[in-house]
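Structure record follows, encoded as structure tokens.
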Amino acid sequence: MTADTISLLGGRLIDPANGVDRVCDLHLATGRVAAIGPPPRGFAPKRIIDAAGRILCPGLIDLSARLREPGQEHKATIASETRAAASGGITSLCFPPDTNPVNDTPAVTELIRRKAKASAQCRVLPLGALTQGLQGEQLSEMAALKKAGCIAMSDGQRPMPNTLVLRRALEYSATFDLPVCLFAEDPWLRDQGCAHEGQVCARLGLPGIPEAAETVALARSLALATHTGARIHFHSLSSGASALMLAQARSQGLRVTADVAIHQLHLTEMDLEGFDSRCHVIPPLRTLGDREALRRAVAEGTIGAICSDHQPHEEDAKAAPFPSTAPGISGLETLLPLTLKLVEEKVLSLSEAIARLTIGPARILGIPHGQLAVGAPADIAIFDPQACWILEEGAMLSHGHNTPFLGWELCGRVTHTLVGGRLVFQRP
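Here the sequence shown is numbered in this note's numbering, starting from 10 and rising by one per residue.
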């Protein structure tokens, strides 16, 4: 489907990247923003969307969403999950390399891109494997992966035990100015843990994961960032101590960034009561103090992006005893409303909330999205901030219904999503 000439009329345009927050019209042509306010001379839209009473913002950019294809199509597919993403206003998402086969060669990258071109409803940005097979031993051909279309390098949630290999990987990536996405976890300190090591964990008799499992790994990577000058992005921080370490590193001029999963900003270890496997996530839900520290770090901009950390699972994957269940939450469809809930709770202003979902991740990746200046790609989310709804399993578009937010009343619902000027989602 080619991009139409479209006029979006009467909406409140919020574009944090350009300091815009006003009611106006937006006009699109050839997949880009043609004008803001009055239309260009002779402009004849083929489609008009009445956006009165709604908010127009850049399309959301999700820094981590597992689509399960190729290799785990019994859990989800690129088609199903990008459809769910579009329904949540997400127009670009990063696809970690822990697929089957692992995305560690240009051939696999091309396979993913071909599948995405055939069925995706949003932009799919593949992350290339930092090491071959995600084994943490031999470096991947990063230059070839970048040429094939990988936006950054990552080993997903696989830890990198060998510090020398990590150093070489960072040095290699720095020569191509490729961002490296790291998951801060010491595998020996994590051991067989499945929940935050604390009072709740002890009361439930669950094996714990100490905060130090994250901070020790983070400290190692920050030391290597100083040594190599590499661009490092830390995925899904979970502790207040980590946020403080990151702030100190950034104040020293290190090129380090971080995101936090939206569920870490709403849930805590207390939500594990009753052994609710829907709250089994890695990194684990931590203390109320950690949650508040993460919220402050997001508000201050130390953590520049909020992601869904989307991990869809089939029902059986969450049906075993808590430690044996698969970790992860299906989060594409709740990313925007749960972020808007932070506005309701006065953690963020509306502009700040949208920034953490748009220009924040765009700057981390170095891509020309997340903003709506004239000439920018027409990736747009339109949502009704007053629409309140209940998250119901049967209404979810993702194949994964594994979310602890079922039954929550959420406010803010996407009505239209456009990618490159194409209308890819319209709520009936």
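Glycine residues also receive a C-beta, built at the ideal position from the N, C-alpha and C atoms.
Bridge-paired residues (DSSP) for residue i
i	result
M162	G137, V189
H236	Beta-bridge pairing links H236 to no other residue.
E418	I399
V428	R431
F392	I64, V423
L148	T140
F284	In the DSSP output, where bridge partners are listed per residue, F284 has none listed.
Own chain partners of residue i with C-beta closer than 6 Å, once the 5 adjacent residues on each side are dropped
i	result
P25	S360, I363, A364, I368
M10	Model confidence at M10 stands at a pLDDT of 47, short of 50, so the residue's coordinates are unreliable and nothing is read from them.
I121	P135
R436	T424
A302	G249, A252
G158	T118, R122
P168	E194, P196
Contact under 8 Å by Cβ, residue i with residue j
i	j	result
P370	L72	yes
G214	E206	no
S101	G68	yes
P79	F104	no
G20	L65	yes
G40	G430	yes
A382	V111	no
L263	T235	yes
S251	T224	yes
D34	I23	no
G340	S317	yes
K84	P321	yes
D388	L349	no
L175	L233	yes
A93	L406	yes
First through last residue of the alpha helix (DSSP H) which encompasses residue i
i	result
G19	It is not in any alpha helix (DSSP H) - G19 instead sits in the beta strand (DSSP E) that spans 15–24.
G369	368–374
E90	87–96
L432	That residue, L432, is in no alpha helix (DSSP H); its beta strand (DSSP E) goes 431–435.
S101	Per DSSP, S101 belongs to no alpha helix (DSSP H); it is in the beta strand (DSSP E), 99–104.
D299	297–309
A1	No answer is possible for residue 1: it lies beyond the span of the chain, which begins at 10 and ends at 437.
R176	172–184
R212	208–213
E353	344–353
Contacts around residue i, its chain only, beta-carbon distance under 7 Å, and the 5 residues preceding and following it disregarded
i	result
H289	C203, F331, T334, P336
G379	A26, P67, I70, T367, I368, P370, A371
L139	S149, M162, S163, D164, A178, V189
F185	M151, A152, K155
Q147	T140, Q141
Endpoints, beta strand (DSSP E) assigned at residue i
i	result
V42	41–45
P67	64–67
Q257	Not the beta strand (DSSP E): Q257 falls in the alpha helix (DSSP H), residues 249–260.
V269	265–270
V32	29–38
R56	56–59
Within-8 Å CB hit, residue i to chain C
i	result
R56	The structure shown has no chain C; it contains just one protein chain.
Euclidean distance between Cα positions of residue i and residue j
i	j	result
A129	Q208	44 Å
R259	V265	6 Å
A239	G51	48 Å
E353	T343	15 Å
N171	Q144	10 Å
A61	T424	12 Å
M446	R63	Here the chain comprises residues numbered 10 to 437, so residue 446 is not present and cannot be evaluated.
H272	L294	8 Å
T311	P346	22 Å
E82	F434	23 Å
E180	I241	11 Å
L227	A12	44 Å
R305	A53	46 Å
I45	I57	15 Å
I399	I87	25 Å
P394	P47	25 Å
H408	L374	27 Å
A222	D299	15 Å
H36	K55	11 Å
A127	P106	19 Å
D285	E323	16 Å
L255	I376	23 Å
Contact set for residue i: own chain, Cβ-Cβ below 8 Å, skip 5 residues either direction
i	result
P115	E150, A153, L154, K156, A157
C131	G68, T91, A94, A95, I99, T100, S101, L102, T426, V428, V433
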